[in-house]
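Please read the structure below before turning to the comments.
Chains as they are written, first to last, in the working numbering: chain S, 283 to 573; chain V, 283 to 573.
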């Protein structure tokens with residue numbers, strides 16, 4: 283099976299569960315359910331669920347055990363995009379080539395759609411807690427990665443340091459690590475935690491670096507990408523004075539950094555016994571991505 | 283001990299735990315921690331925690347078992363106020379006599395402060411899930427009450443039906459039940475769930491009706507209250523075309539309704555063996571409140 287076929291297989295498995303889940307959202311008023319589903323169904327690469335499925339496969343963990351964790355994580359990711367796109371945050375009118383949630387449903391409803399997705403993610407995770415201690419640990423890990431010492435801290439730093447005149451490496455590392463890498467880390471560590479910590483330290487490095495690589499390439503694409511392919515506005519980082527690798531090091535050095543990190547991701551996988559080919563190819567896919 | 287002394291005792295016990303919790307918030311950047319603590323420390327009646335402590339006392343449940351549930355619930359309530367006060371929602375510049383979160387920290391940070399409180403509430407609740415099945419059930423109940431079939435649905439309906447020309451009773455009931463009563467219900471049911479459902483059906487009626495009574499008196503105070511005592515703007519419901527009891531029935535009939543509901547709250551407590559005097563007095567306090 284080629285990399286693309288395998289990717290598509292994981293993505294389809296996840297989207298089947300997502301679609302089932304969406305069909306069961308029956309809350310009122312209609313706009314609440316619609317606004318949640320709108321953003322969940324905008325598509326996207328589903329990189330976090332795909333990573334979770336792929337790592338489970340390497341560890342020999344049944345997909346049924348992680349599907350609700352993958353779903354919860356995608357809900358958390360989606361809520362963060364909705365709130366991030368709000369005018370008072372990143373002020374993005376487009377997401378995945380379509381109007382952002384608040385452009386379709388209005389700002390107030392977009393705030394609530396985000397809240398709704400976050401709350402529903404925890405409804406799924408608390409249900410999983412009935413299955414035993416390792417499930418509670420996996421839920422807690424996702425919660426920590428998404429929270430005030432994780433993604434939210436990264437978003438807050440991102441907002442706070444907009445237009446800093448004197449950007450420094452530590453702040454950039456903090457933003458990359460928390461805003462983006464933590465949720466990718468959560469995706470990779472969930473199967474390990476459910477397997478009593480199997481290859482935990484290797485996967486911790488792999489998850490963190492893959493997350494950072496993802497943000498690095500995101501920032502490079504904000505300079506060199508194409509709106510039609512990327513589905514979101516280009517050049518916004520510079521216009522808004524965002525703290526990015528490109529701002530700190532320039533585009534060429536950023537690309538070198540991305541290569542170094544991609545290499546680190548690949549190497550750490552050598553320590554894992556099992557078929558890690560797909561994960562290596564995924565690293566390469568992220569490094570080369572144009573969307 | 284008088285009602286006021288008892289109330290103050292429960293409130294102090296809760297605020298001791300809250301203060302401990304706030305001291306342990308060390309997240310960066312500083313504005314994230316500060317904005318969370320600002321809204322948590324605005325004071326207020328702490329009616330949900332007080333109810334949870336009081337019901338625990340009636341059921342003979344140790345306070346130590348519910349203190350983190352009470353904390354999580356107050357975090358959820360506080361996040362909902364921060365998001366609700368945003369210009370795109372209720373657009374309130376004041377909360378408890380002080381500037382709203384977004385007036386102090388800006389809209390973007392207020393969105394994140396709310397997200398942070400919601401996520402941290404679930405961090406507390408997932409930790410509790412380690413203590414056994416009834417703890418998972420209690421966490422799930424709070425999550426359901428706060429979620430898309432609970433408080434968020436109520437907020438969404440409140441927003442959707444603003445300025446409806448032809449208000450109807452069903453919609454008003456839906457808003458009251460979900461926007462306000464569900465979190466009050468969660469406070470009252472948590473101790474019962476931790477006691478294997480002790481007096482569940484009586485407490486379910488008591489919690490729901492107390493919550494509705496609370497919203498009814500809130501709407502009456504929006505007409506007849508005093509800014510200095512209440513700490514928030516007066517007359518906003520009418521100005522914003524809010525769906526309230528007063529809009530539907532007028533102020534006098536609303537007061538009669540409040541009396542009927544307060545009576546229902548008191549009567550259902552008769553079915554509970556134990557000292558329910560404080561809960562009855564609390565119902566009376568809510569009925570008569572001026573803030």
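Backbone N, C-alpha and C define an ideal beta-carbon position, used for all residues, glycine too. This one's a predicted model, so the numbers in the text were calculated from it and none came from an experiment.
Same chain, Cβ closer than 8 Å to residue i, neighbours up to 5 away in sequence not counted
i: residue 519 of chain V; result: 501, 504, 505, 526, 528 and 529
i: residue 568 of chain V; result: 329, 492, 495, 496, 499 and 544
i: residue 515 of chain V; result: 374, 375, 376 and 509
i: residue 387 of chain S; result: 313, 316, 317, 320 and 395
i: residue 537 of chain S; result: 502
Bridge partners - residue i, DSSP secondary structure assignment
i: residue 381 of chain S; result: S:376
Residue from the options whose Cα sits closest to the Cα of residue i
i: residue 489 of chain V; options: V:462, V:476 and V:513; result: V:462
i: residue 380 of chain V; options: V:513, V:522, V:570 and V:533; result: V:513
i: residue 346 of chain V; options: V:289, V:544 and V:476; result: V:476
i: residue 509 of chain S; options: S:572, S:449, S:548 and S:559; result: S:572
i: residue 466 of chain S; options: S:327, S:302, S:317 and S:507; result: S:327
i: residue 511 of chain V; options: V:372, V:564, V:451 and V:377; result: V:377
i: residue 407 of chain V; options: S:414, S:418 and S:413; result: S:418
i: residue 413 of chain S; options: S:351, S:371, S:440 and S:558; result: S:351
i: residue 394 of chain V; options: S:353, S:442, S:434 and S:549; result: S:434
i: residue 487 of chain V; options: V:523, V:564 and V:546; result: V:546
i: residue 533 of chain S; options: S:405, S:548 and S:517; result: S:517
i: residue 289 of chain S; options: S:331, S:548 and S:507; result: S:331
i: residue 409 of chain S; options: S:389, S:354 and S:437; result: S:354
i: residue 358 of chain V; options: V:343, V:322, V:370 and V:536; result: V:322
i: residue 523 of chain S; options: S:459, S:454, S:286 and S:325; result: S:454
i: residue 325 of chain V; options: V:336, V:305, V:356 and V:302; result: V:356
i: residue 557 of chain S; options: S:300, S:336, S:305 and S:286; result: S:336
i: residue 570 of chain V; options: V:560, V:302 and V:541; result: V:541
Secondary structure of residue i, DSSP reduced to three states
i: residue 448 of chain V; result: coil
i: residue 343 of chain V; result: coil
i: residue 369 of chain S; result: coil
i: residue 478 of chain S; result: coil
i: residue 557 of chain V; result: coil
i: residue 524 of chain S; result: coil
i: residue 472 of chain S; result: helix
i: residue 287 of chain V; result: helix
i: residue 391 of chain S; result: helix
i: residue 431 of chain V; result: coil
i: residue 498 of chain S; result: helix
i: residue 539 of chain S; result: helix
i: residue 335 of chain V; result: helix
i: residue 325 of chain V; result: coil
i: residue 436 of chain V; result: helix
i: residue 307 of chain S; result: coil
i: residue 515 of chain V; result: coil
i: residue 413 of chain S; result: helix
i: residue 424 of chain S; result: helix
i: residue 531 of chain V; result: helix
i: residue 361 of chain V; result: helix
i: residue 401 of chain S; result: helix
i: residue 507 of chain V; result: coil
i: residue 552 of chain S; result: coil
i: residue 573 of chain V; result: coil
Own chain, CB closer than 6 Å to residue i, minus 5 neighbours either side, in chain order
i: residue 315 of chain S; result: 307 and 309
i: residue 334 of chain V; result: 348, 352, 469 and 472
i: residue 548 of chain S; result: 562 and 565
i: residue 341 of chain V; result: 473, 477 and 480
i: residue 464 of chain S; result: 427, 432 and 433
i: residue 457 of chain V; result: 436, 439, 440 and 525
Close-in-space but distant-in-sequence residues of the same chain around residue i (CB under 7 Å, 5 per side omitted)
i: residue 416 of chain S; result: 475, 476 and 478
i: residue 367 of chain V; result: 374, 377, 382, 383 and 384
i: residue 404 of chain V; result: none
i: residue 338 of chain V; result: 345, 348 and 473
i: residue 411 of chain V; result: 417, 418 and 421
i: residue 343 of chain S; result: 473, 476 and 477
Does the stretch 471 to 489 of chain S come close enough to the stretch 419 to 432 of chain S that 3 or more CB-CB pairs lie under 8 Å? By the criterion of at least three beta-carbon pairs nearer than 8 Å, the stretch 419 to 432 of chain S is in contact with the stretch 471 to 489 of chain S.
Any contact of the stretch 551 to 559 of chain V with the stretch 478 to 485 of chain V, i.e. 3+ C-beta pairs under 8 Å? When Cβ pairs closer than 8 Å are counted between the two stretches, the stretch 551 to 559 of chain V is seen to touch the stretch 478 to 485 of chain V, the count reaching three or more.
Should the stretch 288 to 298 of chain V be regarded as contacting the stretch 358 to 367 of chain S, the criterion being three or more beta carbon pairs within less than 8 Å? With the cut-off at 8 Å, the stretch 288 to 298 of chain V and the stretch 358 to 367 of chain S do not touch.
When the Cβ atoms of the stretch 396 to 406 of chain S are set against those of the stretch 427 to 442 of chain V, are three or more pairs found closer than 8 Å? Yes: at least three Cβ pairs fall under 8 Å.
Does the count of Cβ pairs from the stretch 447 to 458 of chain V and the stretch 434 to 443 of chain S closer than 8 Å reach three? Touching, no.
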